[in-house]
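Numbering (numbering that gives the first Met the number 0), first residue to last: 0 to 395. We treat Cβ as the ideally placed atom computed from N, Cα and C, and that holds for glycine. A short write-up of the structure that comes next.
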Amino acid sequence: MKIFGFPWTIRTRLSLLYAGAFFAASVALIAFIYLFLGQVIDQQFMIRTAPGSPPLEATADEMDQGRRIIDVMIRRARVDTLQTMLIVSGIIAAIMTVIAGAIGWLVAGQALQPLRDITATARRVADRSLHERIALAGPNDEIKNLADTLDEMLERLDRSFDSQRRFVANASHELRTPLTIARTLIEVALLDEKADDKIKQLGTTLLAVNKRHEKLTDGLLTLASSEQRAADFHPVDLGEVAGHAVADLQPLADRVGIALETDFRSGIVMGDAFLLERLVQNLIENGIQYNAPEDGWVRARTRTDAGTVELVVENTGPAIPAYEVPGLFEPFRRLAATDRLAGAARGATVRGAGLGLSIVRSVAHAHGGEVQAIARAGGGLVVRVRLPVVADDASP
Numbered sequence: 000m001k002i003f004g005f006p007w008t009i010r011t012r013l014s015l016l017y018a019g020a021f022f023a024a025s026v027a028l029i030a031f032i033y034l035f036l037g038q039v040i041d042q043q044f045m046i047r048t049a050p051g052s053p054p055l056e057a058t059a060d061e062m063d064q065g066r067r068i069i070d071v072m073i074r075r076a077r078v079d080t081l082q083t084m085l086i087v088s089g090i091i092a093a094i095m096t097v098i099a100g101a102i103g104w105l106v107a108g109q110a111l112q113p114l115r116d117i118t119a120t121a122r123r124v125a126d127r128s129l130h131e132r133i134a135l136a137g138p139n140d141e142i143k144n145l146a147d148t149l150d151e152m153l154e155r156l157d158r159s160f161d162s163q164r165r166f167v168a169n170a171s172h173e174l175r176t177p178l179t180i181a182r183t184l185i186e187v188a189l190l191d192e193k194a195d196d197k198i199k200q201l202g203t204t205l206l207a208v209n210k211r212h213e214k215l216t217d218g219l220l221t222l223a224s225s226e227q228r229a230a231d232f233h234p235v236d237l238g239e240v241a242g243h244a245v246a247d248l249q250p251l252a253d254r255v256g257i258a259l260e261t262d263f264r265s266g267i268v269m270g271d272a273f274l275l276e277r278l279v280q281n282l283i284e285n286g287i288q289y290n291a292p293e294d295g296w297v298r299a300r301t302r303t304d305a306g307t308v309e310l311v312v313e314n315t316g317p318a319i320p321a322y323e324v325p326g327l328f329e330p331f332r333r334l335a336a337t338d339r340l341a342g343a344a345r346g347a348t349v350r351g352a353g354l355g356l357s358i359v360r361s362v363a364h365a366h367g368g369e370v371q372a373i374a375r376a377g378g379g380l381v382v383r384v385r386l387p388v389v390a391d392d393a394s395p
């Protein structure tokens, strides 16, 4: 919102408050001067007839006529004087009100400068890291107390996020290692020629469960990592990252009979290549899994438009009610119609834990972007991810 071209900020409101207060005081002062000056004029020009007989050479009628003429002249002079005073005072009051507003603008800007410094620092901390502090210098007033309180809050948040990062790193090792060992032992047991069919069937079931646990663990760790908004983002070509993700998923699409169509164009964003690749991989993998049993397809494309890089993933699949679409981005939420999973009868895919779209949303938000999903009329989804584009002078 803008008023006469100025943003409706605290500085603008304070300037208008200063100017309004000065204008109100000027009007009150002009009204007082007007009344006082009128009284003074009436007293100074009052005609008093001296006692005694009129001069012989002037008759009574001539004296009355002279008094009337003088009264008219006095009233006209009084009105002209007061009007001139009002006009001059009004012009001076208007000019001084504008000057008061300008002075108020400068004074308010100087007084609010520490708040702007606090806001700028808070934005840098939110976009980069929590290691920076405001460290406001100056008198121990309300603004400095606010800055010190924010510094204490940032210190606690920094320690909390460091603890979370250490936990994720440790959990990544402690959770993945036993699952990897278990998978290796199961695969070795299945290679034993002495194992009967029941043992092999049990081993196959355990291997599928182990793979699902690995996928769940990997998804949870990725979700935790993406919510930390890493400070070491670099320029990344989203089209190139998407191309690598599609190359890894092409064998899966061929195996389940899903046509995978892509059109990736260069678009530079500031982010983490691993997380962005995981975002694309989750969208396309979901599109492959939750697809039509026959003649299904997945289309993925990227383009740059209006300062954003847009990734669009569209697929055929089961019909999805519009009211269910927002819930798909919540953790551990899956489509109710899982029986229409592409290739389910062929056992080509491992059922997920319902974290795919949650990771997509978390990664997009960590990169300052947004995600939108729309149910297709013929079944399936259209998911759009928009990320802010990097300036032209940046290069991956």
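Out of Ala30, Gly37, Arg67, point me to the one whose CA is closest to Thr80's CA. Gly37
Excluding sequence positions up to five away, which residues of its chain have a Cβ less than 7 angstroms from the Cβ of Gly19? none
According to DSSP, is His364 part of a helix, a strand, or is it coil? helix
Would you report the Cα separation of Trp104 and Arg74, rounded to the nearest angstrom? 44 angstroms
Own chain partners of Glu186 with C-beta closer than 6 angstroms, once the 5 adjacent residues on each side are dropped: none
Could you tell me which residues DSSP pairs with Ala374 in its beta bridges? Leu380
Name the one or two DSSP bridge partners that Gly270 has. His233
Residue of Ile257, Glu313, Thr179, Thr203 minimising C-alpha distance to Ala291: Of Ile257, Glu313, Thr179, Thr203, the residue nearest in Cα terms is Ile257.
When DSSP labels each residue in this structure, what does Arg67 get in the three-state scheme? Residue state, collapsed to three classes: helix.
For the segment 375-385 against the segment 303-312, do three or more pairs of beta-carbon atoms, one drawn from each stretch, fall closer than 8 angstroms, so that the two count as touching? yes
Below 8 angstroms CB to CB, which residues in the same chain sit around Asn209 once its five sequence neighbours on both sides are set aside? Leu178, Ala181, Arg182, Ile185
Which word fits Met326, buried or exposed, when buried means at least 16 other C-beta atoms lie within 10 angstroms of its C-beta? The sequence given here places Gly at residue 326; Met does not occur at that position. Classification for Gly326: exposed.
With respect to the beta strand (DSSP E) encompassing Thr8, which residues constitute its N-terminal and C-terminal limits? Looking at the DSSP string, Thr8 is not in any beta strand (DSSP E), and its letter there is neither H nor E.
Residue interval of the beta strand (DSSP E) (run including Leu135): In this chain, Leu135 is not harboured by any beta strand (DSSP E), its DSSP state being neither H nor E.
Whole-angstrom distance between Asp157 and Ile142, CA atom to CA atom: 22 angstroms
How many Å lie between Val106 and Leu354 at the Cα? 53 angstroms
Would the beta-carbon of Phe263 fall within 7 angstroms of that of Ala241? yes
Neighbourhood of Pro320 by C-beta distance below 8 angstroms, restricted to the same chain and skipping five residues each side: Ala374
Outcome for Arg165 when other beta-carbon atoms lying within 10 angstroms are tallied against a minimum of 16: exposed
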